[in-house]
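*Asks:* Following this message is one structure expressed as structure tokens.
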Amino acid sequence: LGDMPLALQPTVREMFMMQVTMRPSAKSFSEHPFFESVLVLTLRYLESLVEKNGVKKAQFLKGLGRIIPKFPKRVLHQKVLPTLLAELKTVIQIPFVLPNVLAIAEGTTKAEFADLIMPDLIPVFAVTEPVQVMLILMQRMDLILDKATTVQVNSYALPMLFNALESASPQMQELCVKLLPTFAPIVEYAQLKNNILPRILAVCLETSALSLRINCLVTLNKMLDLLDKWTVVERLMPTLEQIPSREPGVLMALLGVFDTLVKHKKLQLEKSLIATRVLPFLVPLLVEDSLNAQQFRTWMGVVKSMVTIVEKDRINKLEEMAGIQEQAAGMEIAGGASFVGARDPLSAAKASGVRDDDFDKMEALIENEAKLTKARGAGAGGLLDMSIDADGLN
Numbered sequence: 010l011g012d013m014p015l016a017l018q019p020t021v022r023e024m025f026m027m028q029v030t031m032r033p034s035a036k037s038f039s040e041h042p043f044f045e046s047v048l049v050l051t052l053r054y055l056e057s058l059v060e061k062n063g064v065k066k067a068q069f070l071k072g073l074g075r076i077i078p079k080f081p082k083r084v085l086h087q088k089v090l091p092t093l094l095a096e097l098k099t100v101i102q103i104p105f106v107l108p109n110v111l112a113i114a115e116g117t118t119k120a121e122f123a124d125l126i127m128p129d130l131i132p133v134f135a136v137t138e139p140v141q142v143m144l145i146l147m148q149r150m151d152l153i154l155d156k157a158t159t160v161q162v163n164s165y166a167l168p169m170l171f172n173a174l175e176s177a178s179p180q181m182q183e184l185c186v187k188l189l190p191t192f193a194p195i196v197e198y199a200q201l202k203n204n205i206l207p208r209i210l211a212v213c214l215e216t217s218a219l220s221l222r223i224n225c226l227v228t229l230n231k232m233l234d235l236l237d238k239w240t241v242v243e244r245l246m247p248t249l250e251q252i253p254s255r256e257p258g259v260l261m262a263l264l265g266v267f268d269t270l271v272k273h274k275k276l277q278l279e280k281s282l283i284a285t286r287v288l289p290f291l292v293p294l295l296v297e298d299s300l301n302a303q304q305f306r307t308w309m310g311v312v313k314s315m316v317t318i319v320e321k322d323r324i325n326k327l328e329e330m331a332g333i334q335e336q337a338a339g340m341e342i343a344g345g346a347s348f349v350g351a352r353d354p355l356s357a358a359k360a361s362g363v364r365d366d367d368f369d370k371m372e373a374l375i376e377n378e379a380k381l382t383k384a385r386g387a388g389a390g391g392l393l394d395m396s397i398d399a400d401g402l403n
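Below you can see the structure in the form of structure tokens.
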């Protein structure tokens with residue numbers, strides 16, 4: 010009896026009485042107050058839901074979300090969920106059924122979600138009308154990302170986001186743009202570069218909704234870690250430079266993107282690019298009247314930090330070039346001294362720092378060696394003459 014509702018336990022005990030007369034009748038048991046509870050009435054209504062008209066179904070399904078948390082998990086899976094999933098086949102009822110299905114999905118494991126819910130949910134991702142269907146799915150995308158596999162997300166959820174980005178509803182586009190940074194790390198890079206990024210850039214340029222444009226810029230800023238340098242320089246930066254809005258929110262979001270670009274360690278934007286592309290775009294915007302004092306100070310601070318980056322890099326390069334030039338000049342001087350030394354060894358040696366007394370000692374040593382050599386030569390000549398005379402005598 011431990012698993013049985015408390016309200017039913019006394020009656021169930023009576024049903025096990027030895028004396029038949031002590032047991033409750035079937036009629037009295039069915040009239041027990043427990044069976045008039047909200048949960049039981051809800052299950053009864055679900056059993057006959059297929060017979061109700063669209064209005065009654067919608068009214069019932071709107072209130073079902075408050076009752077679902079009170080059901081045991083087993084009852085939800087075996088009694089409630091099958092009826093709701095069958096109603097997903099009626100497109101007009103999906104906006105009323107889907108929130109309840111996703112509420113039940115919260116209490117499922119990944120395996121249960123894949124087995125019980127996802128097969129019937131896949132066709133729903135392709136529904137574009139009514140637009141509330143996509144809105145509900147995007148609002149609960151955190152749940153879908155948690156329960157579904159990466160393959161399922163890429164195959165079904167991502168195409169839905171592409172449809173939402175191309176929607177005529179700014180509200181839907183904005184919700185989609187906010188979700189994309191969550192999707193970006195789990196999609197293939199080719200998908201990110203060729204499908205997601207171009208759509209965000211197009212929306213950012215074409216929309217007239219201020220909040221949507223700002224959120225596009227914020228999303229781009231969050232996705233910079235995932236982009237390569239060529240894509241940033243050749244596709245992102247030209248689009249940022251074309252944005253026509255000069256409202257404070259848009260300007261500050263633009264500034265945030267360029268500030269991140271310049272400081273990004275992975276992208277390592279060239280200092281020449283900062284000097285020739287980034288600063289020429291940002292500096293004229295300092296005089297925009299739409300900026301207040303605090304925004305101007307922030308803008309000025311970012312510009313100054315970029316100028317400092319360019320300045321330090323340029324000074325380092327100029328000092329390095331100066332050092333190379335000095336070394337080259339020193340080598341030319343040394344080469345000239347070597348040439349002079351070849352013509353006048355004594356002058357070259359003196360020019361290299363050899364002292365006069367060293368030369369005096371060296372000259373004395375050379376003179377002594379010459380005298381000894383001469384003496385040896387003379388002695389050898391005398392011996393040679395004597396040898397000749399001896400031969401003549403013989």
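Each residue of the sequence shown is one higher than the one before, starting from 10 at the first, in this note's numbering. The beta-carbon is built from N, C-alpha and C at its ideal position, and this holds for glycine as well.
1. Evaluate the contact criterion for the region 88 to 101 versus the region 52 to 66: three or more CB pairs, one atom per stretch, below 8 Å.
2. What is the rounded straight-line gap between the Cα of Trp-239 and the Cα of Gln-277?
3. Within the same chain, show all residues whose beta-carbon is closer than 8 Å to that of Glu-183, passing over the 5 residues directly before and after it, in chain order.
4. Arg-83 to Asp-129, Cα distance in whole Å?
5. With 16 other CB atoms within 10 Å as the buried threshold, where does Thr-228 fall?
6. What three-state label does DSSP hand Lys-98 in the structure shown?
7. From Met-330 to Met-340, what distance separates their C-alpha atoms?
8. Taking the straight line between their C-alpha atoms, what separation do you get for Lys-272 and Thr-285?
9. Got a sec? Which residues, its chain only, sit under 7 Å from Ala-262 by beta carbon, not counting five neighbours each side?
10. With three or more C-beta pairs closer than 8 Å as the rule, is the region 331 to 338 touching the region 301 to 320?
11. Taking DSSP as the reference, what is the three-state secondary structure of Glu-215?
12. Exposed or buried, what is Ile-77 when buried is set at 16 or more other beta-carbons lying within 10 Å of its beta-carbon?
13. Alpha carbon to alpha carbon, how far is Tyr-198 from Pro-168?
14. For Val-319 versus Ile-283, is the C-beta distance shorter than 8 Å?
15. Enumerated in chain order, which unbroken segments of the alpha helix (DSSP H) with a length of 4 residues or greater are wholly contained in the region 103 to 140?
16. Can Leu-111 and Ile-103 be called in contact, C-beta distance under 8 Å?
17. Pick helix, strand or coil for Ser-176, following the three-state DSSP scheme.
18. Between Lys-156, Leu-85, Pro-108, which has its C-alpha nearest Ala-120's C-alpha?
19. For the alpha helix (DSSP H) containing Lys-275, name the first residue and the last one.
20. Going along the chain, which unbroken runs of the alpha helix (DSSP H) with 4 or more residues stay wholly within the region 207 to 259?
*Replies:* On the basis of the coordinates in this document:
1. yes
2. 11 Å
3. Ala-218, Ser-220, Leu-221, Asn-224
4. Going from the Cα of Arg-83 to the Cα of Asp-129 covers about 19 Å.
5. buried
6. coil
7. 15 Å
8. 16 Å
9. Ile-223, Leu-226, Val-227
10. By the Cβ test, the region 301 to 320 is not in contact with the region 331 to 338, since fewer than three Cβ pairs between them sit closer than 8 Å.
11. helix
12. In the assembly as shown, Ile-77 is a buried residue. Its beta-carbon has 16 or more other beta-carbons within 10 Å.
13. 15 Å
14. A contact, by the Cβ cut-off of 8 Å.
15. Here the runs fully enclosed are 103 to 114, 127 to 134.
16. no
17. coil
18. Taking only the C-alpha atoms, the option nearest Ala-120 is Lys-156.
19. No alpha helix (DSSP H) contains Lys-275, which DSSP labels as neither H nor E.
20. 219 to 232, 246 to 251
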